[in-house]
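Residue numbers (full-length UniProt numbering), protein chains in the order written: chain A, 1 to 275; chain B, 1 to 275; chain C, 1 to 275. For reference, the structure discussed in these notes is given below.
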Amino acid sequence: MTSSSVSSHVSSPAPSSPRYAAGLAQLARIEGRSPPSLETALADIAPDLARFAIEFAYGDIYARPQLDLAQRQLATSGALAALGNASPQLKFHLAGALQVGCTAEELVELATHMAVYAGFPAAVNTALVLKELFAEKGIALPPKPDAQALEGSRYARGWAGLQAIDGHAGERVIAALGEVAPDLGRYIVEFAFGDVYARPGLSVLSRELVTVAALTALGTAPAQLKVHMHGFMNVGGKREQLVEIVTHTAVYAGFPAAINAALVAKETMAERNLG
Amino acid sequence: MTSSSVSSHVSSPAPSSPRYAAGLAQLARIEGRSPPSLETALADIAPDLARFAIEFAYGDIYARPQLDLAQRQLATSGALAALGNASPQLKFHLAGALQVGCTAEELVELATHMAVYAGFPAAVNTALVLKELFAEKGIALPPKPDAQALEGSRYARGWAGLQAIDGHAGERVIAALGEVAPDLGRYIVEFAFGDVYARPGLSVLSRELVTVAALTALGTAPAQLKVHMHGFMNVGGKREQLVEIVTHTAVYAGFPAAINAALVAKETMAERNLG
Amino acid sequence: MTSSSVSSHVSSPAPSSPRYAAGLAQLARIEGRSPPSLETALADIAPDLARFAIEFAYGDIYARPQLDLAQRQLATSGALAALGNASPQLKFHLAGALQVGCTAEELVELATHMAVYAGFPAAVNTALVLKELFAEKGIALPPKPDAQALEGSRYARGWAGLQAIDGHAGERVIAALGEVAPDLGRYIVEFAFGDVYARPGLSVLSRELVTVAALTALGTAPAQLKVHMHGFMNVGGKREQLVEIVTHTAVYAGFPAAINAALVAKETMAERNLG
Numbered sequence: 001m002t003s004s005s006v007s008s009h010v011s012s013p014a015p016s017s018p019r020y021a022a023g024l025a026q027l028a029r030i031e032g033r034s035p036p037s038l039e040t041a042l043a044d045i046a047p048d049l050a051r052f053a054i055e056f057a058y059g060d061i062y063a064r065p066q067l068d069l070a071q072r073q074l075a076t077s078g079a080l081a082a083l084g085n086a087s088p089q090l091k092f093h094l095a096g097a098l099q100v101g102c103t104a105e106e107l108v109e110l111a112t113h114m115a116v117y118a119g120f121p122a123a124v125n126t127a128l129v130l131k132e133l134f135a136e137k138g139i140a141l142p143p144k145p146d147a148q149a150l151e152g153s154r155y156a157r158g159w160a161g162l163q164a165i166d167g168h169a170g171e172r173v174i175a176a177l178g179e180v181a182p183d184l185g186r187y188i189v190e191f192a193f194g195d196v197y198a199r200p201g202l203s204v205l206s207r208e209l210v211t212v213a214a215l216t217a218l219g220t221a222p223a224q225l226k227v228h229m230h231g232f233m234n235v236g237g238k239r240e241q242l243v244e245i246v247t248h249t250a251v252y253a254g255f256p257a258a259i260n261a262a263l264v265a266k267e268t269m270a271e272r273n274l275g
Numbered sequence: 001m002t003s004s005s006v007s008s009h010v011s012s013p014a015p016s017s018p019r020y021a022a023g024l025a026q027l028a029r030i031e032g033r034s035p036p037s038l039e040t041a042l043a044d045i046a047p048d049l050a051r052f053a054i055e056f057a058y059g060d061i062y063a064r065p066q067l068d069l070a071q072r073q074l075a076t077s078g079a080l081a082a083l084g085n086a087s088p089q090l091k092f093h094l095a096g097a098l099q100v101g102c103t104a105e106e107l108v109e110l111a112t113h114m115a116v117y118a119g120f121p122a123a124v125n126t127a128l129v130l131k132e133l134f135a136e137k138g139i140a141l142p143p144k145p146d147a148q149a150l151e152g153s154r155y156a157r158g159w160a161g162l163q164a165i166d167g168h169a170g171e172r173v174i175a176a177l178g179e180v181a182p183d184l185g186r187y188i189v190e191f192a193f194g195d196v197y198a199r200p201g202l203s204v205l206s207r208e209l210v211t212v213a214a215l216t217a218l219g220t221a222p223a224q225l226k227v228h229m230h231g232f233m234n235v236g237g238k239r240e241q242l243v244e245i246v247t248h249t250a251v252y253a254g255f256p257a258a259i260n261a262a263l264v265a266k267e268t269m270a271e272r273n274l275g
Numbered sequence: 001m002t003s004s005s006v007s008s009h010v011s012s013p014a015p016s017s018p019r020y021a022a023g024l025a026q027l028a029r030i031e032g033r034s035p036p037s038l039e040t041a042l043a044d045i046a047p048d049l050a051r052f053a054i055e056f057a058y059g060d061i062y063a064r065p066q067l068d069l070a071q072r073q074l075a076t077s078g079a080l081a082a083l084g085n086a087s088p089q090l091k092f093h094l095a096g097a098l099q100v101g102c103t104a105e106e107l108v109e110l111a112t113h114m115a116v117y118a119g120f121p122a123a124v125n126t127a128l129v130l131k132e133l134f135a136e137k138g139i140a141l142p143p144k145p146d147a148q149a150l151e152g153s154r155y156a157r158g159w160a161g162l163q164a165i166d167g168h169a170g171e172r173v174i175a176a177l178g179e180v181a182p183d184l185g186r187y188i189v190e191f192a193f194g195d196v197y198a199r200p201g202l203s204v205l206s207r208e209l210v211t212v213a214a215l216t217a218l219g220t221a222p223a224q225l226k227v228h229m230h231g232f233m234n235v236g237g238k239r240e241q242l243v244e245i246v247t248h249t250a251v252y253a254g255f256p257a258a259i260n261a262a263l264v265a266k267e268t269m270a271e272r273n274l275g
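Have a look at this one:
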């Protein structure tokens, strides 16, 4: 370990378990190439970390049927955009999202949606990653949604959206804020639901999927996570999909974050009598 | 969306709602130029995200009278310094703080103050952003405070400060630590209060404002957030200012963080019989 | 503060308190040089922040006997790897870990271990920092552990490890997940314990030390922190070492994170009747 020692790493033969092979196949669908760049990057520093990513993350998790690859890439992108501390991986997975069929417009909407749950800096930084990515790929930018097409007042539109998506759980949040910070409650209705949720380009189901992944990864707002777990199911999400978003996010934010979110999911199911 | 497609984005006319105009005016006061760089940076990737930032963050929030622009820039800088994951925005808002009248010394103190609430790496990285910013602007650095001017022992000075600022809530924290980690309690008195809070250059009210914004954004320490909400009010902060710091921080850390802090504010007010 | 003002900072004489001298000596052992680079980097922007780091972090904390320097560098590296938002400091402290006697293999294992507690992106980014560091220092990479040497099924090996390390507290987590996300529980057994904890190169005691530091810094999973505080003591860690990991982490993640972890330690001790 002295400074005069020289690198003498002998590359080992590639692992060849069935889990590894399955993971390689999934990763090739996401990255659009093989061998994966992760294997190359870590080969001479932590090859087993690359193997674990391929065997566990891609071989075990991504191969599961509860979510399709496009949904997994949206969940991953939402989690990494919210954490804001892994921009190489965020770029990789936004590219992967395009590769498995997400549209450029969906990803721009995902970035915009993040303003609500992780703040404007997280949203802007995600948009700038997309800008770089689209430039590299020569992707035409999605046409700008016509804001004028949104009818009615922002508050009325937002309140209708909040009721339809989050139901009574969302209404209770606004009511609880009414006694201390009523304007904060109003901004949630007007901005989060009136401006953002009402936009086309990303389905309401995908918005709730992304929100659940982001709040699972952040780990700081279990009460809001439960509201959006209800929201995910209110707009058509299934129990097994919800549990899968949480399981999937273990890869990107660690097991403690996933365990805590799974316990919130359990409470959510009990409240819905789906336990 | 193939790699051979070319960019065909047609720039849309600038939005022109009253909220947008109000936001543009506030942002010009902070950035010291117009049109805002955010609008330019996002024009061909997520123009509506820029519009939302201008309409909602600057038009709705910054225009509110409960905090002045200098206080808002301190709150934003404290939140982003603590999160540590958005350094372009941190630099932008530290520059904005200078633009609206904060002194260079206040910002250096803000960086130093962060060591207590988000750790030394967050503090050092904020100081290095300031170093870059001051070099670009040719700003003379503030004279170094004379540490020798602080009289008495660090512990005695710190204990007096903790009592004056955080009151019984602060004393209870130290007592609770006494049974398990008494030295940690001693360091809070000596370092946080004896060394840092006692420094000139940033008022105690501003220190508590920055602390409330930082802990709201981090979202991981609601008990300490409540101690410092009491602290903010103990040193002269007003109820509506406290609620406004929380509302303001929604822009930088998202609504879930702000909702949780608002509910802590509600408990704080109830304890003070100001509910 | 106008753009035409010029820097007129007059460098002050170096501080010379006994705490400062003690801190300088500790820091020289970690950095392997003197004067410290931190003092130089902050000299003309926030010299007192550098002084506080030297007096408080290195003079007060690092000089304490409850943990040795190698353990402190592992704790620091685990905390910063998990936070993921201070990569210059992460690199500095990984280099410091080598300087005080940690092996290259231990650090690669630390990076790999992070996949479990902070997710794969945090693990991969830490491995890439190590790659850069080892290249700069001409360090030969550790031989790849022979995965085939791990006998038996991943689940059986993992379950035995989980029982030995986390005891009943770990078993209860898996049981609680069984009702909502049984596969997540299975992955914890197979991947976290069967694949990662079973690896040579980083002792189980060091793995629990790193885990406690990481979860203290993240601040988002107090229940899992308690499981691993029990785990640290189950594998031979001492009460005073556990409290010291928490106290040490105040330097890297701030006092609120340390206070909350100290209160979890208090509960842990009470459960073990060591209060």
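We put the beta carbon where it would ideally sit given N, CA and C, even for glycine. Since we're looking at a predicted model, the values are computed, not measured.
CA-CA distance, A:Glu267 to A:Ile259, rounds to 13 Å.
C-alpha of C:Val212 to C-alpha of C:His228: approximately 6 Å in a straight line. Of the other Cβ atoms in all chains shown, fewer than 16 fall within 10 Å of the Cβ of B:Gly101; this residue is therefore exposed.
For B:Thr220, the closest Cβ of chain C is nearer than 8 Å.
Residue contact with chain C for B:Leu205: absent (no Cβ-Cβ distance below 8 Å to any residue of chain C). Contact note: C:Ile259 reaches chain B through Val173, Ala176, Leu177, Ala181, Leu184, Gly185, Ile188, Ala221, Ala223 and Gln224, using a C-beta cutoff of 9 Å and chain order. For A:Asn234, there are no neighbours in chain B by C-beta distance under 8 Å, as the nearest C-beta there is about 18 Å away.
Looking from the CA of C:Gly84, the closest CA among C:Tyr252, C:Pro256, C:Ala262 and C:Ala265 belongs to C:Tyr252. Between the region 196-210 of chain C and the region 98-113 of chain C there are three or more C-beta pairs closer than 8 Å, enough to call the two in contact.
In chain order, Ala181, Asp183, Leu184 and Tyr187 make up the part of chain B whose C-beta sits under 9 Å from the C-beta of C:Thr247.
Against chain B, a Cβ distance below 7 Å from A:Pro121 picks out Leu80, Ala86, Gln89 and Tyr252. B:Gly201 is the residue among B:Gly201, B:Pro222, B:Gln224 and B:His168 whose C-alpha sits nearest the C-alpha of B:Leu141. By the 16-neighbour rule on beta-carbons within 10 angstroms, C:Lys131 is buried.
A direct Cα-Cα distance of roughly 18 Å separates A:Ala50 from C:Ala104.
Separation of A:Ala25 and A:Ser37 (C-alpha to C-alpha, rounded to the nearest whole angstrom) is 14 Å.
C:Leu133 and C:Gly96 have their C-alpha atoms some 11 Å from each other.
Between the region 206-224 of chain B and the region 209-223 of chain A there are three or more inter-stretch CB-CB distances shorter than 8 Å, so the stretches are counted as touching. With respect to chain A, the C-beta atom of C:Tyr117 has a partner C-beta closer than 8 Å. For B:Ile30, the enclosing alpha helix (DSSP H) has its first and last residue at Pro18 to Glu31. In this structure, B:Val264 and B:Lys226 form a Cβ contact; the two beta carbons are roughly 5 Å apart against a cut-off of 8 Å. With a cut-off of 8 Å on Cβ pairs, the region 16-30 of chain B is in contact with the region 52-70 of chain B, counting three or more such pairs. Chain B has a Cβ within less than 8 Å of the Cβ of C:Val243. With a threshold of 8 Å between beta carbons, A:Phe191 makes contact with chain B. CA-to-CA, the gap between A:Glu179 and A:Gly158 works out to about 20 Å. A:Ala118 is a Cβ neighbour of A:Ala82, given a cutoff of 8 Å. Within the region 22-45 of chain A, those residues whose Cβ lies closer than 8 Å to any Cβ of chain C are, in chain order, Leu38, Ala41, Leu42, Asp44 and Ile45. Assignment of alpha helix (DSSP H) within the region 59-129 of chain A, counting only whole runs of 4 or more residues, yields 69-83, 87-99 and 104-118 in chain order. With a minimum length of 4 residues, the unbroken runs of alpha helix (DSSP H) contained wholly in the region 203-239 of chain B fall at 204-218 and 222-234.
For A:Met114, the closest Cβ of chain C is not nearer than 8 Å. Using a Cβ distance threshold of 8 Å, B:Ser206 and B:Leu74 count as a contacting pair. Judged by DSSP in its simplified three-state form, A:Leu184 adopts helix. For A:Asp166, no chain C residue has a Cβ inside 7 Å of its Cβ, as the nearest lies near 21 Å away.
Our two residues, B:Arg64 and C:Ala53, have alpha carbons roughly 38 Å apart in a direct line. The C-beta of C:Asp68 comes no closer than 8 Å to any C-beta of chain B.
When the Cα atoms are used, A:Arg154 and A:Gln163 turn out to be separated by approximately 14 Å. Going by DSSP, B:Pro200 is part of no alpha helix (DSSP H) at all; its letter is neither H nor E.
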